[in-house]
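In what follows, a single structure is set out as structure tokens and then discussed.
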Amino acid sequence: MGRVIAIANQKGGVGKTTTAINLASSIAAAEVNTLLVDCDPQSNTSSGLGLAKDPERISTYHLLMGAASAEESLQKTELEQLWLIPSHKNLIGANIELVDAERREFRLRDALAPLRDRFHYIVLDCPPALDLLTLNALVAADAVLIPMQAEYFALEGISELLDTIERIRASLNPSLTIEGVVLTMFDDRTNLAQQVTAELSRYFGDKLCKTTIPRNIRLAEAPSHGQPALIYDVRSRGAESYIQLAKEILGRSGLTVQELPPPVDEAQEKQVVNAPKWKRWMRERNKLITINIVDR
Ligand code: ATP
Ligand code: MG
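Residues in the sequence shown are numbered from 151 upward in steps of one, following my numbering.
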């Protein structure tokens, strides 16, 4: 069974979409079949992966409304092992259209169920609201990854989200866990960042991800080229930090993460030479990761 991770924080602009795109891409780059589902009517994940707007395209809206199957809505991406279920701006209407629907909180969970053994990881990008769309994502998920910025009152800012997670656990999805809290647009040189990190670390313990994501212009530029950072500029600190986060997340869920050794013979060498630029670079830098599933 694949693991479903919702990227959620009701606060806007904290790096949910950037994290969803780049985490999912980094996991896919580790040669793990990965699905990214855009659950936000803003559709930033879809355009950030280069999908042009197309009103005819099957989207998360159709999934939630029961008008299409998850299988029908899959889109390929530039990365061989990354698939996308795109969003559409009419998804905003689903909040209202689903109010009286049967199993309205379980729509996404039910729709994704047939895909769960085809993908090792399913990443859900949520909108900046605790609305029915985010609720559907949290009910469909095994775990929530919370991106946040290191600010004063950081904990107050996410208390509503933590309360919501508690309530969902008590009723709709008892097995929902917190995957982690990841600090985004992070600048560890400031005192503020260090104080906030210490506070969050006391509160969340090892749920606070060791990897932090620095503020990096390449991460902001990549979506306008329709590419994840590791294709746009694999050498950037931004791309590198999300590769690191992927290693940490894969490691957290009972998977052993191994570095792939450099090519040993001519055949492997050739494979490396023919591989796309980002893959070659990861190889050279010994960054390409593979996983072995180990017993928990
Ligand atoms: P929304 O709540 O609107 O969905 P979001 O939480 O998904 O927003 P993003 O869209 O990922 O946030 O990021 C907000 C803005 O900050 C975007 O312009 C993005 O390119 C930029 N950004 C995100 N992370 C970084 C980073 N680490 N370094 C530089 N810019 C970043
Ligand atoms: Mg977003």
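Where a beta carbon is used, it is the ideal one built from N, C-alpha and C, also for glycine.
Remember, it's a predicted structure, so these values are computed and weren't measured experimentally.
Handout entry: Spatial neighbours of ILE315 in its chain, beta-carbon cut-off 8 angstroms, leaving aside the 5 residues before and after
Key = LEU288, VAL294, LEU326, ILE328
Problem - Near the ligand ATP: ASP190 beta-carbon under 7 angstroms from a heavy atom - result: yes
Problem - Within 8 angstroms, strictly: CB atoms of ARG254 and LEU282 - result: yes
Practice task
Please name the residue in ASP292, MET335, THR347 whose C-alpha comes closest to that of ASN323.
Solution key: ASP292
Exercise for the section: Give the single residue among PRO373, LEU305, TYR382 whose Cα lies nearest to the Cα of ARG352. Expected result: LEU305
Handout entry: Local conformation of ARG339 per DSSP, three classes
Key = coil
Problem - Per-residue burial, ARG153 [other beta carbons within 10 Å of its own, 16 or more giving buried] - result: buried
Exercise for the section: Compare the beta carbon distance of LEU186 and ALA170 with 8 angstroms and say whether it is the shorter of the two. Expected result: yes
Problem - Short Cβ contact (8 angstroms threshold) for GLN160 with PRO297 - result: no
Exercise for the section: State yes or no: is the C-beta of PRO448 nearer than 7 angstroms to some heavy atom of the ligand ATP? Expected result: Absent from the model: residue 448. The displayed extent of the chain is 151 to 446, so no value can be given.
Handout entry: Straight-line Cα distance separating ILE155 from ARG402
Key = 12 angstroms
Exercise for the section: Have a look at ASN341, SER209, CYS189 and flag the residue whose alpha-carbon is nearest the alpha-carbon of ALA158. Expected result: CYS189
Problem - DSSP state of PRO373 mapped onto helix, strand, coil - result: helix
Problem - Sub-8 angstroms separation of LEU312 and VAL331 beta-carbons - result: no
Problem - Nearest-angstrom Cβ-Cβ length linking SER175 and LEU234, presumed shorter than 8 angstroms - result: 10 angstroms between Cβ atoms; not a contact.
Problem - Chain-order list of residues whose beta-carbon lies under 7 angstroms from that of ILE308 (same chain, five-residue window excluded) - result: ASN159, ILE296, MET298
Exercise for the section: Could you spell out where the beta strand (DSSP E) holding THR327 opens and where it closes? Expected result: 327-334
Handout entry: CB contact below 8 angstroms: PRO364 versus chain C
Key = Checking the listed chains, one finds no chain C in this structure; it contains a single protein chain.
Problem - Exposure of VAL346, with buried meaning 16 or more beta-carbon neighbours within 10 Å - result: buried
Handout entry: Between the CA atoms of THR362 and ILE441 - distance to the nearest angstrom
Key = Caution is warranted here: a pLDDT of 48 is assigned to ILE441, below 50, making its placement in the model unreliable, and no coordinate value can be reported.
Practice task
May I have the straight-line CA-CA distance separating VAL249 from PRO264, to the nearest angstrom?
Solution key: 24 angstroms
Exercise for the section: Compute the distance between the beta-carbons of PRO191 and ILE272, then report whether it is under 8 angstroms. Expected result: no
Exercise for the section: Using DSSP bridges, identify the partner residues of GLN231. Expected result: Per DSSP, none; premise fails for GLN231.
Exercise for the section: With a threshold of 16 other CB atoms inside 10 Å of the CB of THR340, please say whether the residue is buried or exposed. Expected result: exposed
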